[in-house]
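Take 8 as the starting number for the sequence shown in UniProt numbering and just add one per residue. We treat Cβ as the ideally placed atom computed from N, Cα and C, and that holds for glycine. Okay, structure first, notes after.
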Amino acid sequence: LANQQWGGRFAEGPSAIMEQINASIDFDKRMWQQDIRGSLAHSEMLANVGIISEQDKNSIHQGLEQIKKEIQNNEFEFSRALEDIHMNIEARLAERIGEAGKRLHTGRSRNDQVATDFRLWVRDNIDEVIHSVEQLMLTLALRAQEYADVPMPGFTHLQSAQPVTFGHHLLAYVEMLSRDKGRLIDTRKRLNESPLGAAALAGTSFPIDRQMTAKNLGFDHPMRNSLDAVSDRDFALEYLSALSIMAMHLSRMAEEIVIWCSSPFSFIKLSDAYTTGSSIMPQKRNPDAAELVRAKVGRISGALIGLLTVMKGLPLAYAKDMQEDKEQVFAATDTIGLCLAACSGMIADLKANTDNMRRWAGSGFSTATDLADWLVQKLQMPFRTAHHVTGRIVGLAEQKNVTLDQISLADMQTIEPKITQDIFSVLSVEASIASRTSEGGTAPKNVLQAAQYWISILKDH
Ligand code: ARG
């Protein structure tokens, strides 16, 4: 049987394989709400400019409202033969209300329709993702406030570098996530223009009012060029780029969680709710959720590369290739939602093993920079010389198997005779972190302030 929406010049229907490769209804039904919103706005406009009658518009609106209910109640029968969400809804409308339903598509093409629906969908979901990011940021900020003065080793090259506080470390992720949120806000601004009315590619001879539909759908204005309006998916690519960067951040956080709870580190303990056991080793508590967050960035950046590859080299205007945009975006949206929720859960529940963190914060001669700074400040030594002298003291401490605050004054004086007892005031972990008061530094009072800043911004969201 030829397609009931466009089968006029077709004697036969599609082969089963054709239907299978062509139909998008199995996934694009997720845009049903956006499709109905678009059709309500379009028909409202058609009536307003006199292209369809008020009466027809009213029955279209009633019909669409009924279809909305059918879909909500799981009573709608989606059909693969009708290809996609647009034709499924339109066919059902005609079935319900007759002639008037067949007037809905006047001055419109599926090309501007799908571009409109998809923009609306991405816009709606950006709002949701932003909400979840804010949840995670708040969770991190609250834990940072709690652990504002808890020392932990700060690493470079994953080697002990200088002590920091756990709160400071958690807040570093809040900053990253706030930029991720900023990228989503930018994406939303740029995508918020209306393709509706571009029709197939060239515009239409009907006296449509694109300003009206744009406004009705919450877009800032109609897109200026009809070819561009139906051809580009850069908004989806931008969205996927923003999600990819965010997922990369989450995967770094997840990796740190994995490291922190591995038993040789034992910096944190995850809750039972976010841990799994082993089928053979009874002692095990595995951080599977963190490992999966670490891994799932692959799906999201994969979606970005997937869609970039689809779009690359496509001639203007619409081509069916572009139907491949949606699954990537849907999947990436689901994945980021799950990752954000898992991170929020893990962070909210984790317990810091503060004694252990404190102990390791002093390991690896982590206050050597403080020693060098003391030589500069108290003995007016040039920093390069101080660096060298400190290196020799560290070597001696290593030889004697003691930490920097355990080495004797006499021993230090064999290397630099002008060193006095006062040096010990800077060699402890607490003194080291308390001294890092420069803007953005790890001193507990800075960290507390930063945590409170974020909490005050985020708590009302
Ligand atoms: N399902 C199609 C898509 O997602 C809708 C647009 C179809 N347009 C067309 N000219 N075949 O891209």
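Helix, strand or coil for I275 per DSSP? strand
How long is the line joining the alpha carbons of I133 and A206, rounded to whole angstroms? 26 Å
Spell out a yes or no on whether the segment 234-248 and the segment 310-317 are touching, meaning 3 or more CB-CB pairs, one atom from each, closer than 8 Å. yes
Using DSSP with H/G/I as helix, E/B as strand and the rest coil, what is N293? strand
R190 and I252: beta carbons closer than 8 Å? yes
Kindly examine ligand 1 and report whether one of its heavy atoms sits closer than 7 Å to the Cβ of R117. yes
On the premise that T163 lies in contact with T449, defined as a C-beta separation below 8 Å, what is that separation, rounded to the nearest angstrom? Between T163 and T449 the Cβ distance is about 14 Å, and since that is not below 8 Å, they are no contact.
Give me the Cα-Cα distance between V409 and A379, rounded to the nearest whole angstrom. 18 Å
For P202, the three-state DSSP class (helix, strand or coil): coil
Would you mind stating whether A98 and Q12 have Cβ atoms separated by less than 8 Å? yes
Counting C-beta neighbours from all protein chains within 10 Å, is the total for Q456 16 or more, i.e. buried, or is it exposed? exposed
Is any non-hydrogen atom of ligand 1 found closer than 7 Å to the C-beta of S46, if you look at the structure I gave you? no
In whole angstroms, what separates the C-alpha of K276 from that of T392? 42 Å
Residue range of the alpha helix (DSSP H) that includes residue 483: Because the chain spans 8 through 468 in this model, residue 483 falls outside it and cannot be assessed.
Can we count L329 as close to ligand 1, meaning its CB is less than 7 Å from some heavy atom? One point to set straight first is that residue 329 is Met, not Leu, in the sequence displayed. Yes, ligand 1 has a heavy atom inside 7 Å of this Cβ.
Please classify S238: does DSSP put it in a helix, a strand, or coil? helix
Give a single yes or no on whether V121 has its beta carbon closer than 7 Å to a heavy atom of ligand 1. yes
Measuring CA to CA, which of S269, L127, I215 is closest to N363? S269
Going straight from the alpha carbon of L434 to that of L145, what length do you get? 34 Å
For a quick check, are the C-beta atoms of I354 and P158 less than 8 Å apart? no
Which two residues bound the contiguous alpha helix (DSSP H) that contains H31? It should be noted that the sequence gives Ser, not His, for residue 31. Where S31 is concerned, there is no enclosing alpha helix (DSSP H), given that its DSSP letter is neither H nor E.
Where L184 and R126 are concerned, what is the direct C-alpha to C-alpha distance, given to the nearest angstrom? 23 Å
Identity of the residues DSSP links to residue 470 by a beta bridge: Given that the chain is displayed from residue 8 to residue 468, the structure contains no residue 470 and the question cannot be resolved.
Since N223 and E90 should fall inside the 8 Å C-beta cutoff, what is the C-beta to C-beta distance between them, to a whole number of angstroms? Not really, about 26 Å apart at Cβ, beyond 8 Å.
Pick from M419, G344, K333 that is closest to V300, judged by C-alpha positions: G344
Could you have a look at F431 and say whether DSSP puts it in helix, strand or coil? helix
Straight-line Cα distance separating W39 from A261: 35 Å
Starting from the Cα of T283, find the closest Cα among F274, A297, S273, P271 and give me that residue. A297
Along the chain, where does the alpha helix (DSSP H) that runs through G402 open and close? 390-407
Quick one: Cα of A221 to Cα of R365, how far? 58 Å
Bounding residues of the beta strand (DSSP E) (the contiguous stretch that carries T421): From DSSP, T421 is part of no beta strand (DSSP E) but of the alpha helix (DSSP H) over 416-422.
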